[in-house]
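Mapping to numbering that gives the first Met the number 0: the sequence shown position 54 is 53, numbers consecutive.
Cβ atoms here follow ideal geometry from the backbone N, Cα and C, with glycine treated the same way.
Note that the structure is a prediction, hence the values are computed from the model and not measured.
Okay, structure first, notes after.
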Amino acid sequence: MSVLVVGSIAIDTVRTPVEEHSDLLGGSASYAALGASFFSPVRLVGIVGGDFPESEFQFWKSRKIDSEGVQRANGKTFRWSGEYSWDLNTRETRSIALNVFEDFKPVLPESYRETDFVLLANIAPSLQAHVLDQMKRPRFVVADTMDL
């Protein structure tokens with residue numbers, strides 16, 4: 000039983016009241032895939048640019064995340080920068096650069112189309128519908144949207 004995860008893959012900069020870290024793996028699909036990988040094989044679909052570290056692909060592989068569905072495009076990866084407050088429950092986005100994610104149109108590898116469980120993570124509803132149009136007959140679908 001595999002889980003298909005489709006959504007954003009990003010490179011983040013995160014600032015807290017005590018420190019700041021740059022060039023971190025981010026994006027809703029990345030985190031959902033990592034979480035799901037503790038319980039099931041994962042098939043990941045997203046898009047990254049030429050600046051995306053190969054080490055992250057190796058990290059996914061070590062977690063048994065199939066990244067065949069991750070498109071590699073010319074340009075820069077989606078980048079997000081945010082700052083968290085002292086309680087870490089409040090955050091403010093400092094900057095967003097959609098980059099290659101702006102033109103993302105998910106294309107599912109043939110081997111992904113019969114996946115029973117689907118998480119459509121943080122992409123526009125029109126893209127979510129496009130993914131579902133490519134699926135054979137999923138048993139369970141979760142869809143999440145968020146404005147940028």
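Q.
Here's a check: name, in chain order, each residue in its chain whose Cβ is nearer than 6 Å to the Cβ of residue 11, leaving out the five neighbours to either side.
A. For this step, residue 11 is matched to residue 12 along the sequence shown. The answer, listed in chain order, is 23, 25 and 79.
Q. Which full runs of the beta strand (DSSP E) of 3+ residues lie inside the region 62–86, going along the chain?
A. 64–71 and 77–83
Q: Would you kindly work out how many angstroms separate the C-alpha atoms of residue 85 and residue 8, rounded to a whole number?
A: Counting from one through the sequence shown, the residue named residue 85 turns up at place 86. Counting from one through the sequence shown, the residue named residue 8 turns up at place 9. About 26 Å.
Q: Using three-state DSSP, classify residue 131 as helix, strand or coil.
A: Mapped onto the sequence shown, residue 131 falls at position 132. If DSSP states are grouped into helix, strand and coil, residue 131 belongs with the helices.
Q: For the alpha helix (DSSP H) containing residue 28, list its first residue and its last residue.
A: Counted from its first residue, the sequence shown places residue 28 at position 29. Note, residue 28: alpha helix (DSSP H), 27–35.
Q: Can you grab the Cα-Cα spacing for the pair residue 48 / residue 71, in whole Å?
A: Mapped onto the sequence shown, residue 48 falls at position 49. Mapped onto the sequence shown, residue 71 falls at position 72. Whole-angstrom Cα-Cα distance: 6 Å.
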